[in-house]
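A.B. asks: Please see the structure below; I have some questions.
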Amino acid sequence: MLAILNKMTSKVQWDVKGVLLDITGVLYESGQGAIKGSVEAVEKLRQAKIPFRFVTNETQRTRPDLVTKLKSIGFSLSESEIFSPGIATSTYLKQMKLRPFLLVHPELLPEFSDCDQNSPNCVVIGDAAEDFSYENMNKAFQLLLKSENPVLISMGKGKYYKEKGEIVMDLGGFTAALEFSADCEAKIIGKTFS
Numbered sequence: 001m002l003a004i005l006n007k008m009t010s011k012v013q014w015d016v017k018g019v020l021l022d023i024t025g026v027l028y029e030s031g032q033g034a035i036k037g038s039v040e041a042v043e044k045l046r047q048a049k050i051p052f053r054f055v056t057n058e059t060q061r062t063r064p065d066l067v068t069k070l071k072s073i074g075f076s077l078s079e080s081e082i083f084s085p086g087i088a089t090s091t092y093l094k095q096m097k098l099r100p101f102l103l104v105h106p107e108l109l110p111e112f113s114d115c116d117q118n119s120p121n122c123v124v125i126g127d128a129a130e131d132f133s134y135e136n137m138n139k140a141f142q143l144l145l146k147s148e149n150p151v152l153i154s155m156g157k158g159k160y161y162k163e164k165g166e167i168v169m170d171l172g173g174f175t176a177a178l179e180f181s182a183d184c185e186a187k188i189i190g191k192t193f194s
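Under the UniProt record's numbering, the residue at position 128 of the sequence shown is numbered 128, and the numbers go up by one with no gaps.
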């Protein structure tokens, strides 16, 4: 990454409008520190005044949590520089005047604090980890089944990801279960599959 940025910021002129930096796997490895050269690469972008944003598929952490994590391993950034499925989904819900039943990780709930959740008319699914219980999945299914036009919003559709050296199931399988059972198609706000 640093080698590419060295070329971009050298005397060679690139028509770069901006750079999107994926967080996990590009800037740091899950459960580990910063990837070699990534902190320096971000600083080089700042010094060269090349606009950039941090993007992530993370649906278990809020943006403030991500800022804290990245700062702890040497990055300099603000919350407004991070684009995540949580904030994108929250914005979409408000724009569409949707009231979600949230099947998300408890740590992500603050991203939806300003969304009306009374009398839900849609289901939002993220990486809920241990909260992917039969009871919670069935609540989501029942809501979709009772809706004339079921609205299922998934913050990704990945098959799996690596965490602490292990491959773990991502939310794609849970999304597919709800799609199949409720006979609807999810709107994906985030990474579609991996």
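All C-beta atoms, glycine included, are put in the ideal place defined by N, C-alpha and C.
Which residues mark the beginning and the end of the alpha helix (DSSP H) in which valine 67 is found?
C.D. replies: Valine 67 -> alpha helix (DSSP H) spans 63-72.
A.B. asks: Any idea what DSSP makes of alanine 48, helix, strand or coil?
C.D. replies: DSSP places alanine 48 in coil when its eight states are reduced to three.
A.B. asks: Measure the C-alpha to C-alpha separation of glutamate 29 and methionine 155 and round it to an integer number of angstroms.
C.D. replies: Their backbone Cα atoms lie some 21 Å apart in a straight line.
A.B. asks: For glycine 172 versus proline 85, is the C-beta spacing smaller than 8 Å?
C.D. replies: Cβ atoms of glycine 172 and proline 85: not closer than 8 Å.
A.B. asks: Taking just the CA atoms, how far does serine 113 sit from isoleucine 73?
C.D. replies: The alpha-carbon atoms of isoleucine 73 and serine 113 are separated by roughly 28 Å.
A.B. asks: When we look at the beta-carbon of lysine 11 and count the other beta-carbons within 10 Å, is it buried (16 or more) or exposed?
C.D. replies: Note that lysine 11 scores 47 on pLDDT, short of 50, meaning its location in the model is unreliable and no value can be drawn from it.
A.B. asks: Kindly indicate which residue of Ala48, Lys49, Asp22 has the alpha-carbon position closest to the one of leucine 56.
C.D. replies: Note that residue 56 is threonine in the sequence shown here, rather than leucine. Minimum Cα distance to threonine 56 is reached at Asp22.
A.B. asks: Kindly confirm or deny that the segment 87-104 and the segment 114-133 touch, where touching means at least three C-beta pairs closer than 8 Å.
C.D. replies: Yes, the segment 87-104 is in contact with the segment 114-133.
A.B. asks: Label leucine 144 either buried or exposed according to how many other C-beta atoms from any shown protein chain fall within 10 Å of its C-beta, with 16 as the threshold for buried.
C.D. replies: Classification of leucine 144: buried, given that the 10 Å Cβ count is 16 or more.
A.B. asks: Please go through the same chain and pick out, in chain order, the residues whose beta-carbon is closer than 8 Å to the beta-carbon of aspartate 131, but skip the five residues on each side of it.
C.D. replies: Closer than 8 Å at the Cβ level, and outside the excluded window around aspartate 131, lie Leu103, Val104, His105, Pro106.
A.B. asks: According to DSSP, is lysine 11 part of a helix, a strand, or is it coil?
C.D. replies: Interpretation of lysine 11 is limited by its pLDDT of 47, a score under 50 that renders its predicted location unreliable; the figure taken from the coordinates is listed afterwards. Three-state result, lysine 11: coil.
A.B. asks: Just the Cα atoms here: how many angstroms apart are glutamate 135 and alanine 129?
C.D. replies: Their backbone Cα atoms lie some 14 Å apart in a straight line.
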